[in-house]
Amino acid sequence: MTDRPLDEKLANMQAILRDLGSVAVAFSAGVDSTLVLKIAIDTLGPERVVAVTGRSDSLASEEFEQACELADALGAEHCIIDTEEFDNPNYVSNPVDRCYYCKTTLYTHLSSFIAEHGLGAIINGINADDLGDYRPGIAAATEHQVRSPAAEAGLTKNEVRALSERLSLPTFDKPASPCLSSRVQYGEKITPEKLRRIEAAERFLHELGIRECRVRHHGDLARIEVPVADLERLARRDTANKIDHAFRTLGYQYVSLDLRGFRSGSMNEVIPLNVRTHEP
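For the sequence shown, numbering that gives the first Met the number 0 begins at 0 and goes up steadily by one.
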């Protein structure tokens, strides 16, 4: 049985890509950018598509490895750009619009890249749901004429996952994994050392069998977010002791378990509502 609305959105996305002719895909190996890369290759042919991954300290090593493996599996030309957002004090100081400075750096590099390679446009994996969220990086995309074919076609996050499953993409049920810097409380300076600590802490939780988690960094305190169904398991004395020991070894003085559970973008809860909703 076909899903006509989803088929129509896919057709719209393919039409957008054909109009662009050739593209560089900002590729992170997440569910969104993987789908966009797959459809771009199927629509335009691999010779007209380049997957480009920005490499920096804010990208977890496992995510970088997955990007390389996925691009190869999809038959895409894959280029790596070393970004320098840590050279920008506006990024390192970690304001609430930090993502704007990160994406500005990436898209500046990509603008030069498509000019050098004669490609028609930069495209990203933004979906329709993202447009209603607080995402300063979208402003950077707009400034650099970056296109978002999934969002433009009206694909929601659930539809991206459904279409990914239909196309047998391994990322169809992959948890979201934003950059490591998003775990650091706003206003606290971002350093590579802090990001490595966060990465190691989350890796430890993954090794315990926790598939979706965040380690929110608040100075000497690590605030762990996991789905509510996993809270009881992590709170058990033996497991809690293991986590406490591992996190203290990494350098945290205090380890807490957020009783509200996992919430994507929970750091944004401290941002005034008018800022998040772009209201005066």
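Idealized CB from N, CA, C, for every residue including glycine.
Reduced DSSP category for residue i - H, G, I as helix; E, B as strand; rest coil
| i | result |
| --- | --- |
| S180 | helix |
| H277 | Only weak support exists for where H277 lies, its pLDDT of 49 falling under 50; the coordinates are left without a value. |
| T170 | coil |
| D18 | helix |
| Y135 | The residue asked about is misnamed: residue 135 is Pro in this sequence, not Tyr. Coil. |
| K193 | helix |
| T155 | coil |
Alpha carbon of residue i to alpha carbon of residue j, nearest angstrom
| i | j | result |
| --- | --- | --- |
| S110 | H217 | 35 Å |
| V24 | L168 | 17 Å |
| G53 | E151 | 23 Å |
| G260 | E68 | 31 Å |
| D237 | R182 | 26 Å |
| D229 | I209 | 8 Å |
| D305 | F171 | As shown, the chain starts at 0 and ends at 279. That puts residue 305 outside it, with no answer to give. |
| P226 | C212 | 7 Å |
| G136 | C101 | 8 Å |
| P148 | E7 | 13 Å |
| R3 | L162 | 12 Å |
Strand pairing of residue i, partner residues [DSSP]
| i | result |
| --- | --- |
| E268 | Beta-bridge pairing links E268 to no other residue. |
| V254 | A221 |
| R146 | I122 |
| R215 | R222 |
| A23 | V49 and I121 |
*Complete runs of the alpha helix (DSSP H) confined to the region 36-115 [at least 4 residues]*: 60-72 and 88-91
*Would you call the region 196-204 and the region 233-250 in contact, with 3 or more CB pairs under 8 Å?*
yes
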